[in-house]
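**Student:**
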Amino acid sequence: MILFYLFAAVAVLASLLVIVQRNPIYSVLFLIASFGALSGLYVLLEAPFVAMIQIIVYAGAIMVLFLFVVMLLNAPHEDTEEDLERGVPPPSSGRVKVFGALLAIVLVVELIGVVVASRRAPIAFAAPAVSSVAAIGRSLFTDYAFPFEVTSVLILVALVGAIVLARRESGEGI
Amino acid sequence: MPTLDHYLVLSAVLFAIGTAGVFLRRNLITILLSIEIMLNAVNLSFVAFGRVLGSADGQIIVFFVMTVAAAEAAVGLGIVIALFRHRQSLNPDMFRLLKW
Numbered sequence: 003m004i005l006f007y008l009f010a011a012v013a014v015l016a017s018l019l020v021i022v023q024r025n026p027i028y029s030v031l032f033l034i035a036s037f038g039a040l041s042g043l044y045v046l047l048e049a050p051f052v053a054m055i056q057i058i059v060y061a062g063a064i065m066v067l068f069l070f071v072v073m074l075l076n077a078p079h080e081d082t083e084e085d086l087e088r089g090v091p092p093p094s095s096g097r098v099k100v101f102g103a104l105l106a107i108v109l110v111v112e113l114i115g116v117v118v119a120s121r122r123a124p125i126a127f128a129a130p131a132v133s134s135v136a137a138i139g140r141s142l143f144t145d146y147a148f149p150f151e152v153t154s155v156l157i158l159v160a161l162v163g164a165i166v167l168a169r170r171e172s173g174e175g176i
Numbered sequence: 096m097p098t099l100d101h102y103l104v105l106s107a108v109l110f111a112i113g114t115a116g117v118f119l120r121r122n123l124i125t126i127l128l129s130i131e132i133m134l135n136a137v138n139l140s141f142v143a144f145g146r147v148l149g150s151a152d153g154q155i156i157v158f159f160v161m162t163v164a165a166a167e168a169a170v171g172l173g174i175v176i177a178l179f180r181h182r183q184s185l186n187p188d189m190f191r192l193l194k195w
């Protein structure tokens, strides 16, 4: 129970820091911290496979990709005077921000309301967990064989799309 | 012991933080990061529900969500790089050619 609250607090705090940081590099690093906490929660849920790929694939690969792009672009922080000079429309007015924040608050109240309003006894995790990688792999290659193959096509499409989008247009080689 | 509701509430809070990030921030990279937060909030619910039902399906769906997230990050960052090359900015308010 203590571990749950610890990991939950780290996840929520790190996620909040992600969206309040002005510097995208700090945002990415806090998101990695948040993913570490989520990985701990997956261990508490007896899902070690998901916990491992959360660290290896999400924190290790996807976030490093983000970090690469942030450092490659060396982009100015948002809402700087530089932006204003170049004729960027002024940062979204206070009204838009209040609207966005209100929308988020309404969303969280609604989602928690759904959990509360279901009016049932809290469900404990009684059923034995399926946590072996062997069981997951067997299910992946039998019941979920078709989605699995579609996933490989999806990754191929994303690979080609990313190369086409990011290469220079002058067209000497790739 | 934490119950299912604990995980669902945590997932709801994380999802709301992600939406707030998409609405409040004016930086394309931070917006993509907020989308990742939302995807992870949903993953947490999937694993918790799978644990309650005692099946591996929740974890398998998380596997697929992660694949889609990786594809989305690759293509999204490709678009960000292309946009930055044209406008030298990451502010989404700069890109309004399709806006009337």
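Chains A and B, in that order, give the protein sequences. 3 is the number of the first residue of the first sequence in the working numbering; add one for each residue after it. 96 is the number of the first residue of the second sequence in the working numbering; add one for each residue after it. Positions of the beta carbon are idealized from the N, C-alpha and C atoms, including for glycine. Please read all numbers here as calculations on a predicted model, not as lab measurements.
I'd like to know whether the C-beta atoms of residue 30 of chain A and residue 65 of chain A end up nearer to each other than 7 angstroms.
**Tutor:** Going by C-beta atoms, residue 30 of chain A is nearer than 7 angstroms to residue 65 of chain A.
**Student:** For the region 47 to 54 of chain A against the region 120 to 139 of chain A, are there 3 or more C-beta pairs whose distance is under 8 angstroms?
**Tutor:** yes
**Student:** Is there a C-beta anywhere in chain B that falls below 7 angstroms from the one on residue 144 of chain A?
**Tutor:** no
**Student:** Is residue 178 of chain B close to chain A? Criterion is C-beta to C-beta, closer than 7 angstroms.
**Tutor:** no
**Student:** Chain A beta carbons: is any one of them nearer than 7 angstroms to that of residue 144 of chain B?
**Tutor:** no
**Student:** Hey, does residue 130 of chain A have any beta-carbon neighbour from chain B nearer than 7 angstroms?
**Tutor:** yes
**Student:** Name the chain B residues that come within less than 9 angstroms of residue 15 of chain A, Cβ to Cβ?
**Tutor:** The premise fails here: residue 15 of chain A is roughly 10 angstroms from chain B at the closest Cβ pair, so nothing lies under 9 angstroms.
**Student:** Taking the alpha helix (DSSP H) that residue 167 of chain A belongs to, which residues open and close that run?
**Tutor:** 147 to 168
**Student:** Distance, Cα to Cα, residue 140 of chain B vs residue 6 of chain A?
**Tutor:** 14 angstroms
**Student:** Apply the 10 Å Cβ neighbour rule to residue 26 of chain A and answer buried if 16 or more other Cβ atoms are within range, or exposed otherwise.
**Tutor:** A residue is called buried once 16 or more other Cβ atoms fall within 10 Å of its Cβ, and residue 26 of chain A is buried on that count.
**Student:** Identify every run of the alpha helix (DSSP H) within the region 4 to 70 of chain A, keeping only runs that are complete inside it and at least 4 residues long; order them along the chain.
**Tutor:** Within the region 4 to 70 of chain A, the complete alpha helix (DSSP H) runs of at least 4 residues are 4 to 22, 26 to 46 and 50 to 55.
**Student:** Name the residue from B:117, B:98 and B:124 whose alpha carbon lies nearest to the alpha carbon of residue 73 of chain A.
**Tutor:** B:124
**Student:** Along the alpha helix (DSSP H) that carries residue 172 of chain B, what are the first and last residues, could you check?
**Tutor:** Note, residue 172 of chain B: alpha helix (DSSP H), 152 to 182.
**Student:** Taking Cβ positions only, does residue 96 of chain A come closer than 7 angstroms to chain B?
**Tutor:** no
**Student:** Once DSSP output is grouped into helix, strand and coil, what is the label at residue 122 of chain B?
**Tutor:** coil
**Student:** Cα-Cα, which of A:24, A:96, A:109 and A:44 is closest to residue 111 of chain B?
**Tutor:** Of the listed residues, the one whose Cα sits closest to residue 111 of chain B is A:109.
**Student:** Going along the chain, which residues of its own chain have a beta-carbon closer than 8 angstroms to the beta-carbon of residue 126 of chain B, five neighbours each way excluded?
**Tutor:** A distance below 8 angstroms between beta-carbons, with the five flanking residues on each side excluded, links residue 126 of chain B to the following residues of its chain, in chain order: 116, 117, 120 and 187.
**Student:** If we ignore side chains and look at the alpha-carbon of each, how far apart do residue 127 of chain A and residue 58 of chain A end up?
**Tutor:** In this structure, the straight-line span from the alpha carbon of residue 127 of chain A to that of residue 58 of chain A is close to 27 angstroms.
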